[in-house]
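Below is one structure, written out as structure tokens, with a few remarks after it.
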Amino acid sequence: MASEFITKLDAIAGPGTPWKTFIRKLGPLHAQWHSKHNAGTADLGFLLFHWELIQRFRSVGADKGLGGSAGIKPFSTQQLKKYKASYSVKVTVAQADLASIEEFSFELEGWHNDAHMNIGMAIHKNLMAPRTNVKIPQFWQLHYFINSRFEEKLKNFGAAASTASTVVSSLEAGPGVTQV
């Protein structure tokens, strides 16, 4: 059975959806996911939800809409350091070890929360409000950085020849879907 939130993301990112329409509809959905996640009732964990979110963001061209012709680029570690959000997650993920990728997700989410606050204060924008932060390019830069770290860990977690999409599908079908 597909995740409630994947179904909702698909509904707002169908073929031909203008990127501005996607972003407008995303705010309430993003806030709803955060509310359920914080209550422990979301059917999709932090990393999986945001990974799926970025796939749809790109599919409707929002990366170029918000990021210009070059598109959104992830923050570099130097940029994060400048914003007092130095990357500090050091969890090792082992092949097929669900507990280690869940721990990575938990640690990365905690770092991410602080990074949202610090970056928002530095740029004088509210990156803590899930209804509106999706309209701010720095939100996406941060989540592109997070996605890159997640995909690095997916290479360790999955078989050597697996793609990120294949490993994500496997995780979404398994027991850790609400924790990753």
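Position 67, counted from 1, in the sequence shown is what numbering that gives the first Met the number 0 calls 66; the numbers after and before it change by one each time, with no gaps.
Every residue, glycine too, gets a C-beta built ideally from N, C-alpha and C.
None of the values given here were measured: they were computed from a predicted structure.
Run the CB neighbour count on residue i, radius 10 Å, all protein chains shown included, and call it buried at 16 or more, exposed below.
i	result
Glu101	buried
Ser164	exposed
Glu151	exposed
Gln77	exposed
Ala160	exposed
Ala172	exposed
Asn146	buried
Gly157	buried
Can you tell me whether DSSP reads residue i as helix, strand or coil?
i	result
Asn125	coil
Pro14	coil
Ser85	coil
Ala160	coil
Asp9	helix
Thr76	helix
Ser34	helix
Gly70	coil
Gly119	helix
Pro136	helix
Quick one: what's got a C-beta closer than 6 angstroms to residue i's C-beta in the same chain, skipping five residues either side?
i	result
Val90	Glu102, Phe103, Glu106
His49	His142
Ile135	Lys124
Lys35	Ala41
Which value, in whole angstroms, describes the spacing of the CA atoms of residue i and residue j?
i	j	result
Val176	Ala1	11 angstroms
Met127	Met120	10 angstroms
Tyr86	Ile122	18 angstroms
Arg23	Leu79	27 angstroms
Val92	Glu51	20 angstroms
Gln140	Ala98	28 angstroms
Lys124	Pro174	37 angstroms
His115	Leu65	18 angstroms
Asn132	Thr162	29 angstroms
Thr20	Leu153	31 angstroms
Gln178	Phe45	7 angstroms
Thr148	Gly26	Residue 148 is actually Arg in this sequence, not Thr. Near 24 angstroms, if we compare the C-alpha coordinates of Gly26 and Arg148.
Gln54	Ser168	13 angstroms
Lys264	Lys72	Since the first and last residues shown for the chain are 0 and 179, residue 264 lies out of range.
His29	Asn37	12 angstroms
Note down, in chain order, each residue of its chain lying with its Cβ closer than 8 angstroms to the Cβ of residue i, except the 5 sequence neighbours on either side.
i	result
Trp32	Phe4, Ala41, Leu43, Phe48, Pro129
Thr16	Val59
Asp96	Phe156
Starting from the C-beta of residue i, find all residues in its chain whose C-beta is less than 7 angstroms away, skip the five residues before and the five after it, and write them out in chain order.
i	result
Asp113	Ala84
Ile118	Tyr82, Ala84, Leu126, Gln137, Leu141
Lys63	Gly70
Gly67	none
I want to check one thing, is the minimum distance from the CB of residue i to the heavy atoms of the ligand GTP below 6 angstroms?
i	result
Arg148	Here there are no bound small molecules, and the ligand GTP is not part of this structure.
Next on the checklist: Taking 8 angstroms as the cut-off, does the region 0-12 touch the region 50-69 (at least 3 CB pairs, one atom from each stretch)?
Outcome noted: Touching, yes.
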